[in-house]
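In order, the protein sequence lines correspond to chains A and B. Heads up, the first sequence is in our numbering, so the first residue is 44 and it goes up one at a time. Heads up, the second sequence is in our numbering, so the first residue is 44 and it goes up one at a time. We put the beta carbon where it would ideally sit given N, CA and C, even for glycine. All values derive from a computational prediction rather than experimental measurement.
There are 2 protein chains.
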Amino acid sequence: MPRPPHASGLTDHLGFWMRMVSNQVSQAFAAKIEARGVTVAEWVLMRALYAQPPQSPSRLAETMGMTKGAVTKLADRLIAKSLLLRRPDPDDARAQTLALTAAGERLVPTLAAIADENDRAFFRALTSAERKALEKTLRRLASHHGKTSFPTS
Amino acid sequence: MPRPPHASGLTDHLGFWMRMVSNQVSQAFAAKIEARGVTVAEWVLMRALYAQPPQSPSRLAETMGMTKGAVTKLADRLIAKSLLLRRPDPDDARAQTLALTAAGERLVPTLAAIADENDRAFFRALTSAERKALEKTLRRLASHHGKTSFPTS
DNA sequence: TATTGTTATACTCTATAACTATA
DNA sequence: TATAGTTATAGAGTATAACAATA
Numbered sequence: 044m045p046r047p048p049h050a051s052g053l054t055d056h057l058g059f060w061m062r063m064v065s066n067q068v069s070q071a072f073a074a075k076i077e078a079r080g081v082t083v084a085e086w087v088l089m090r091a092l093y094a095q096p097p098q099s100p101s102r103l104a105e106t107m108g109m110t111k112g113a114v115t116k117l118a119d120r121l122i123a124k125s126l127l128l129r130r131p132d133p134d135d136a137r138a139q140t141l142a143l144t145a146a147g148e149r150l151v152p153t154l155a156a157i158a159d160e161n162d163r164a165f166f167r168a169l170t171s172a173e174r175k176a177l178e179k180t181l182r183r184l185a186s187h188h189g190k191t192s193f194p195t196s
Numbered sequence: 044m045p046r047p048p049h050a051s052g053l054t055d056h057l058g059f060w061m062r063m064v065s066n067q068v069s070q071a072f073a074a075k076i077e078a079r080g081v082t083v084a085e086w087v088l089m090r091a092l093y094a095q096p097p098q099s100p101s102r103l104a105e106t107m108g109m110t111k112g113a114v115t116k117l118a119d120r121l122i123a124k125s126l127l128l129r130r131p132d133p134d135d136a137r138a139q140t141l142a143l144t145a146a147g148e149r150l151v152p153t154l155a156a157i158a159d160e161n162d163r164a165f166f167r168a169l170t171s172a173e174r175k176a177l178e179k180t181l182r183r184l185a186s187h188h189g190k191t192s193f194p195t196s
């Protein structure tokens, strides 16, 4: 009987392991912030607006690497939760600005603390040197392949 | 004027970088296999069935870490593409079995080669030692946090 | 009763494209 | 005409829960 042609396995690819670990850490984080009523994507948008002047949807779409339509939808949800405000730009009647509400501003440090804790717990299995090496590697890969320009600090 | 309370930034978390790099590599792979008419999730299911005896949806759900309903939906799509076959289990009238069609079996090595190439291209920026270290780290994290039991070979 | 699998429903995330209002 | 933003639509991915058939 003929043997089937060789095909590399799922676990032969670093991309597979990246996806698996990424899903694990993101799902753990998502579960923790769900109690605060926000999703991971919402957290990212909120953090991008924290302690910043109001930003246009276009600009947020650019820095977050998503489409304008996606930003609108995300913003709609945060507005419905009274965490975000949409206001017309006084200088350009076509434009809008997005800014956190007072409640939104207050929530960000809480979410940030949850993110800190989640990260610490998840990567606790690694030594300090391993974490450093992992971060360096990931940053290299991200900047090598990334089109999006997140604030790198 | 009061300074806003400190909140750690998105880029302070390894989880953020994991998610960013994982998305980059998965999206690159998704774009390449789209020409063959399959998605990443479909590839994973197909690879799990390649050169294997027919498997029950339950078992696949277990090993892939998803619900039975999700497997059914994924299977429906692959069946519509004539890449998968669903057949009643002769030993248990409640049960079904899933197996690749001949076309499905033929497609897997092609997809595997694309995955190989995608992985090589994406991680080319790293040295061999860095890749080894990354793999070791990711496997450690995955097994430390994973409930799902993928074939680890 | 317990189990297998499907179906129904829902929600997040994301994209593309059409559309509106303004520049 | 070009740009800013929203809306409409679509589809992947995933989950929960109700259900039918069978064990």
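1. Exposed or buried, which one is proline 100 of chain B when buried takes at least 16 other CB atoms within 10 Å?
2. Using DSSP's beta-bridge definition, name the partner residues of glutamine 98 of chain B.
3. At a CB-CB cut-off below 7 angstroms, which residues of chain B make contact with serine 69 of chain A?
4. Considering only C-alpha positions, which residue in the set B/Ala123, B/Ser125, B/Leu141 is nearest to proline 131 of chain B?
5. Using 8 angstroms as the limit for Cβ to Cβ distance, is serine 171 of chain B near chain A?
6. For a contact defined as C-beta to C-beta under 8 angstroms, what are the partners of leucine 16 of chain B on chain A?
7. Would you mind telling me which residues of chain A sit closer than 8 angstroms to aspartate 159 of chain B, beta carbon to beta carbon, in chain order?
8. Kindly say whether alanine 176 of chain B, judged by its beta-carbon, lies nearer than 8 angstroms to any beta-carbon of chain A.
9. Within 8 angstroms (strictly less), CB to CB, does valine 81 of chain B reach chain A?
10. Going by C-alpha distance, which of B/Ala71, B/Ala78, B/Glu77 is nearest alanine 164 of chain B?
11. Of the residues that make up the stretch 88-103 of chain B, which ones have a beta carbon closer than 7 angstroms to any beta carbon in chain A?
12. Looking at chain B, is there any beta carbon in it that lies within less than 8 angstroms of the beta carbon of leucine 184 of chain A?
13. Pull up the CB-CB distance for arginine 57 of chain A and arginine 90 of chain B, whole angstroms please, since I reckon it's below 8 angstroms.
14. Can you check whether the C-beta of proline 45 of chain A is within less than 8 angstroms of a C-beta belonging to chain B?
15. Measuring only between beta-carbons, confirm whether serine 196 of chain B sits less than 8 angstroms from chain A.
16. Counting only the same chain and skipping the five closest in sequence on each side, list residues whose C-beta sits under 8 angstroms from that of isoleucine 122 of chain A.
17. Going by Cα to Cα distance, which pick from B/Leu154, B/Gln95, B/Ala156, B/Met63 is closest to glycine 108 of chain A?
18. Given a limit of 9 angstroms on CB to CB distance, which residues of the stretch 142-155 of chain A reach chain B?
19. CA-CA distance, lysine 75 of chain B and glutamine 67 of chain A?
20. On a CA-only basis, which of B/Pro97, B/Ala158, B/Ala84 is nearest threonine 144 of chain B? Give me that one, please.
21. Residues of chain B with CB under 7 angstroms from arginine 168 of chain A, in chain order?
22. Given a threshold of 16 other Cβ atoms within 10 Å of its Cβ, counted over all protein chains shown, does serine 171 of chain A qualify as buried or as exposed?
23. Cβ atoms of glutamate 77 of chain A and leucine 117 of chain A: under 8 angstroms apart, would you say?
24. Would you say proline 133 of chain B faces chain A, with C-beta separation under 8 angstroms as the test?
25. Quick check on DSSP: helix, strand or coil for arginine 90 of chain A?
26. Out of A/Thr82, A/Ser65, A/Ala104, which one is the CA nearest neighbour of leucine 126 of chain A?
27. Given 7 angstroms as the limit, tell me if threonine 144 of chain A has its C-beta closer than that to any heavy atom belonging to the ligand FAD.
28. Would you mind sorting methionine 61 of chain A into buried or exposed? The rule is 16 or more other CB atoms within 10 Å of its CB.
29. When you compare only the Cα positions, how much space is there between threonine 195 of chain A and leucine 103 of chain B?
30. Measuring CB to CB, does arginine 79 of chain B end up less than 8 angstroms from leucine 169 of chain B?
Here's the rundown:
1. If you number the second sequence from 1, residue 100 of chain B lands on position 57. Taking a 10 Å sphere around the C-beta of proline 100 of chain B, we find 16 or more other C-beta atoms and assign the residue as buried.
2. Against the second sequence, residue 98 of chain B aligns to sequence position 55. Answer is B/Leu141.
3. Indexing the first sequence from 1 puts residue 69 of chain A at position 26. Those within 7 angstroms of serine 69 of chain A in chain B are Gly58, Arg62.
4. Stepping through the second sequence from its first residue, residue 131 of chain B is reached at position 88. Among B/Ala123, B/Ser125, B/Leu141, the Cα nearest to that of proline 131 of chain B belongs to B/Leu141.
5. In the second sequence, the residue the question calls residue 171 of chain B occupies position 128. Not one chain A Cβ lies under 8 angstroms of serine 171 of chain B.
6. In the structure as shown, chain B begins at 44 and stops at 196. Residue 16 of chain B is therefore absent and cannot be evaluated.
7. Here residue 159 of chain B refers to the residue found at position 116 when the second sequence is read from its first residue. The answer, in chain order, is Ser51, Asp55, His56.
8. To locate residue 176 of chain B, count along the second sequence from 1; it is residue 133. So yes, alanine 176 of chain B belongs to the interface.
9. For the purposes of this step, residue 81 of chain B is identified with residue 38 of the second sequence, where counting begins at 1. So no, valine 81 of chain B is outside the interface.
10. In the second sequence, the residue the question calls residue 164 of chain B occupies position 121. Residue B/Ala71 is the option with its Cα nearest to alanine 164 of chain B.
11. Identification of residues in the stretch 88-103 of chain B having a C-beta nearer than 7 angstroms to some C-beta of chain A yields Arg90, Tyr93, Ala94, given in sequence order.
12. Within the first sequence, numbered from 1, the residue matching residue 184 of chain A stands at position 141. True, the Cβ-Cβ gap to chain B drops below 8 angstroms.
13. Position 14 of the first sequence, counting from 1, holds the residue named residue 57 of chain A. Position 47 of the second sequence, counting from 1, holds the residue named residue 90 of chain B. Here the sequence assigns leucine to residue 57 of chain A, which means arginine is not the residue at that position. Rounded, the Cβ-Cβ distance is 16 angstroms, inconsistent with contact.
14. One-based indexing of the first sequence puts residue 45 of chain A at position 2. Cβ-Cβ to chain B under 8 angstroms: no for proline 45 of chain A.
15. Here the question's residue 196 of chain B lines up with position 153 in the second sequence. Unreliable placement is indicated for serine 196 of chain B, whose pLDDT of 39 sits below 50; the coordinate value is still reported in the next sentence. Yes, serine 196 of chain B counts as interfacial toward chain A.
16. To locate residue 122 of chain A, count along the first sequence from 1; it is residue 79. Only Leu128, Arg129 meet the Cβ criterion.
17. Mapped onto the first sequence, residue 108 of chain A falls at position 65. Of the candidates B/Leu154, B/Gln95, B/Ala156, B/Met63, the one whose C-alpha sits nearest the C-alpha of glycine 108 of chain A is B/Met63.
18. Glu148, Arg149, Val151, Pro152, Thr153, Leu154, Ala155
19. Reading the second sequence from its first residue, position 32 is the one you call residue 75 of chain B. Reading the first sequence from its first residue, position 24 is the one you call residue 67 of chain A. Their Cα atoms are separated by approximately 25 angstroms.
20. Within the second sequence, residue 144 of chain B is the residue found at index 101, counting from 1. Nearest option by C-alpha distance: B/Pro97.
21. In the first sequence, residue 168 of chain A corresponds to position 125, counting from 1. This sequence places alanine at residue 168 of chain A; arginine is not what is there. Simply Arg183, Leu184, His187.
22. On the first sequence, residue 171 of chain A is found 128 positions in, with the first residue counted as 1. Under a 10 Å Cβ-count criterion, serine 171 of chain A is classified as exposed, with fewer than 16 other Cβ atoms of the shown protein chains found around its own Cβ.
23. For the purposes of this step, residue 117 of chain A is identified with residue 74 of the first sequence, where counting begins at 1. For the purposes of this step, residue 77 of chain A is identified with residue 34 of the first sequence, where counting begins at 1. Going by C-beta atoms, leucine 117 of chain A is not nearer than 8 angstroms to glutamate 77 of chain A.
24. Translated into the one-based positions of the second sequence, residue 133 of chain B becomes position 90. At least 8 angstroms separates the CB of proline 133 of chain B from every CB of chain A.
25. Against the first sequence, residue 90 of chain A aligns to sequence position 47. Arginine 90 of chain A falls in the helix class under three-state DSSP.
26. The residue labelled residue 126 of chain A in the question sits at position 83 within the first sequence. The residue among A/Thr82, A/Ser65, A/Ala104 with its C-alpha nearest the C-alpha of leucine 126 of chain A is A/Thr82.
27. Summarising the ligand content, the structure contains no ligands, and the ligand FAD is consequently not present.
28. Here residue 61 of chain A corresponds to residue number 18 of the first sequence, with the count starting at 1. Buried is the call here.
29. Locating residue 195 of chain A in the first sequence gives position 152, counting from the first residue. Locating residue 103 of chain B in the second sequence gives position 60, counting from the first residue. Confidence in threonine 195 of chain A is poor, its pLDDT being 45 and thus under 50, which makes the residue's placement unreliable; the coordinate value appears in the next sentence. About 40 angstroms.
30. Position 36 of the second sequence, counting from 1, holds the residue named residue 79 of chain B. Position 126 of the second sequence, counting from 1, holds the residue named residue 169 of chain B. No, the Cβ-Cβ distance between arginine 79 of chain B and leucine 169 of chain B is not below 8 angstroms.
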